[in-house]
Amino acid sequence: MDLSKLMEVPGVMAAFTYTDKGDLTGQLIKEGNELTPQVLDLLAHTCVANMSIATMEARGWEALTGQKGFEPLQGFSLVGLDWSAVVNGNCGVVVKNRDADYEAAFAAISATKV
Amino acid sequence: MHIAKQLMAIPGVIAAGEYAYRGDRYTYEGGLTDEYARMASILCRANTLNASMQAEMFSSFAEHCGCRPLQGWVVRGKQVSVCAVGNFFCMLENRQGVLNDVMTVMRAKVGDISDNVMKAMYSKIGGDVTEQLV
């Protein structure tokens, strides 16, 4: 997986890959921020957990309400104070909120994921 | 103008609402029944609390890593997405530009964008339908 492509996403601070369990398998971090591989590893686990929860909720919501259009999920984003993590599949990016283009980030990840 | 009304002015927004952090109170606008809006409010509140707890945990690894306090989250579905920022939620179609517009408005009202919301939006997308927001 070419993480350097994800480093072209607007406002990107880091790009990373992870296993289905959330273990970090690769990362590129731009200089000058506080992100570390340890933080990205925790972030990846968090995102795997949240994607699973969101899948359960989407499936339940569609069954209960009859409203379609959620599944299959195309990604999840955690919006922090200064940055957002955007993930899908086994890769993700961290983008500065100030420069964040969420749609571009989701599209880039979808184009990259295996 | 109420935030939910402002969000509903964005073409592609299906429903928007506000929920109480504690208790069962909620208000909403758009294409949901009252019962579905109640469910959506509970779901968004639970997820926001969960994600906030996760953001707190990040600080044990890097105190000033920039995640805390959490603003919200986005679930991107195949054709529909859900955003939650603060105690507001929004359900929207995955049409070009809608998610970015919604996030800009939500962050401006309850998040981290403190300067002029229109300035922030025009700087990103060049300005067209967003005139309806003010």
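Going line by line, the protein sequences match chains L and S. Sequential numbering from 1 applies to the first sequence in the working numbering. Sequential numbering from 1001 applies to the second sequence in the working numbering. Yeah, the Cβ is synthetic: ideal placement off N, Cα and C, and Gly gets one too.
Residue i versus residue j: straight-line alpha-carbon distance, rounded
i, j, result
"Y1021 (chain S)", "M1008 (chain S)", "22 Å"
"Q67 (chain L)", "M1091 (chain S)", "12 Å"
"G60 (chain L)", "F70 (chain L)", "10 Å"
"H1064 (chain S)", "V87 (chain L)", "22 Å"
"L1070 (chain S)", "V79 (chain L)", "6 Å"
"G1097 (chain S)", "E1035 (chain S)", "29 Å"
"N97 (chain L)", "D1024 (chain S)", "31 Å"
"L28 (chain L)", "T1027 (chain S)", "42 Å"
"P37 (chain L)", "G1012 (chain S)", "38 Å"
"W1073 (chain S)", "S1059 (chain S)", "18 Å"
"V5 (chain L)", "V95 (chain L)", "Per the sequence presented here, residue 5 (chain L) reads as Lys, with Val not at that position. Going from the Cα of K5 (chain L) to the Cα of V95 (chain L) covers about 14 Å."
"A105 (chain L)", "R1038 (chain S)", "31 Å"
"D1056 (chain S)", "I1010 (chain S)", "One point to set straight first is that residue 1056 (chain S) is Glu, not Asp, in the sequence displayed. Near 33 Å, if we compare the C-alpha coordinates of I1010 (chain S) and E1056 (chain S)."
"G32 (chain L)", "E1029 (chain S)", "42 Å"
"V1117 (chain S)", "F1061 (chain S)", "Because V1117 (chain S) carries a pLDDT of 44, less than 50, the predicted location of this residue cannot be relied on, and the following value inherits that uncertainty. Cα-Cα distance, rounded: 33 Å."
"F16 (chain L)", "C1067 (chain S)", "17 Å"
"M1 (chain L)", "A1051 (chain S)", "28 Å"
"V1085 (chain S)", "A44 (chain L)", "21 Å"
"R1045 (chain S)", "Y1019 (chain S)", "7 Å"
"F1089 (chain S)", "V1082 (chain S)", "7 Å"
"E8 (chain L)", "N90 (chain L)", "18 Å"
"S1041 (chain S)", "T1048 (chain S)", "10 Å"
"S116 (chain L)", "K1005 (chain S)", "Past the edges of chain L, shown from 1 to 114, lies residue 116 (chain L), and the structure says nothing about it."
CB contact check: residue i to chain L, cutoff 8 Å
i, result
"Y1028 (chain S)", "no"
"V1110 (chain S)", "no"
"H1002 (chain S)", "no"
"R1076 (chain S)", "yes"
"C1090 (chain S)", "no"
"G1086 (chain S)", "no"
"L1049 (chain S)", "no"
"V1080 (chain S)", "yes"
"R1038 (chain S)", "no"
"V1117 (chain S)", "Model confidence at V1117 (chain S) stands at a pLDDT of 44, short of 50, so the residue's coordinates are unreliable and nothing is read from them."
Short CB-CB distance (under 8 Å) between residue i and chain S
i, result
"G69 (chain L)", "yes"
"P72 (chain L)", "yes"
"E8 (chain L)", "no"
"F106 (chain L)", "yes"
"G22 (chain L)", "no"
"G11 (chain L)", "no"
"A63 (chain L)", "no"
"A44 (chain L)", "no"
"A111 (chain L)", "no"
"A58 (chain L)", "yes"
"A14 (chain L)", "no"
Minimum C-alpha distance to residue i - residue among the options
i, options, result
"A54 (chain L)", "S:A1004, S:R1076, S:G1097", "S:R1076"
"P72 (chain L)", "S:V1080, S:R1107, S:K1005", "S:V1080"
"T65 (chain L)", "S:H1002, S:T1033, S:M1103, S:A1004", "S:T1033"
"A49 (chain L)", "L:K30, L:E62, L:G22", "L:G22"
"G1031 (chain S)", "S:V1102, S:Q1006, S:L1049, S:G1017", "S:G1017"
"I1014 (chain S)", "S:R1045, S:E1093, S:S1041, S:A1062", "S:E1093"
"D13 (chain L)", "L:A108, L:V93, L:A104, L:E103", "The amino acid at residue 13 (chain L) is misidentified as Asp; the sequence shows Met. The shortest Cα separation from M13 (chain L) among L:A108, L:V93, L:A104, L:E103 belongs to L:V93."
"V39 (chain L)", "S:L1043, S:Q1054, S:T1048, S:D1101", "S:Q1054"
"D82 (chain L)", "S:L1043, S:N1047, S:R1107, S:K1005", "S:R1107"
"A47 (chain L)", "L:A108, L:T112, L:L3, L:A85", "The question names Ala, but residue 47 (chain L) is Cys in the sequence shown. Selected option, being the one with the closest Cα: L:A85."
> At which residue ranges does the stretch 1016-1052 of chain S contain complete beta strand (DSSP E) runs of 3 or more residues, listed in the order of the chain?
Replying inline: 1026-1030
> Using Cβ-Cβ distances below 7 Å, what residues of the stretch 77-102 of chain L are close to chain S?
Replying inline: S77, L78, V79, G80, L81, D82, W83, N97, D101, Y102
>> Give me the subset of the stretch 27-42 of chain L whose CB atoms are less than 8 Å from a CB atom of chain S, sorted by chain position.
In response: From the stretch 27-42 of chain L, only N33, E34, L35, T36, Q38, V39, L42 have a Cβ closer than 8 Å to chain S.
> Given a limit of 8 Å on CB to CB distance, which residues of the stretch 1003-1023 of chain S reach chain L?
Replying inline: none
>> Runs of 3 residues minimum, wholly inside the stretch 34-94 of chain L: which ones carry the beta strand (DSSP E) assignment?
In response: 75-79, 83-88
> Residue ranges of each beta strand (DSSP E) run of no fewer than 3 residues wholly in the stretch 1055-1092 of chain S, ordered along the chain?
Replying inline: Counting whole runs of 3 or more residues, the stretch 1055-1092 of chain S contains the beta strand (DSSP E) stretches 1072-1076, 1080-1085.
>> Along the stretch 1055-1076 of chain S, where does the CB come closer than 8 Å to a CB of chain L? Name the residues.
In response: Those residues of the stretch 1055-1076 of chain S that come within reach of chain L (Cβ to Cβ, closer than 8 Å) are A1055, M1057, F1058, F1061, A1062, H1064, C1065, G1066, C1067, R1068, P1069, L1070, Q1071, G1072, W1073, V1074, V1075, R1076.
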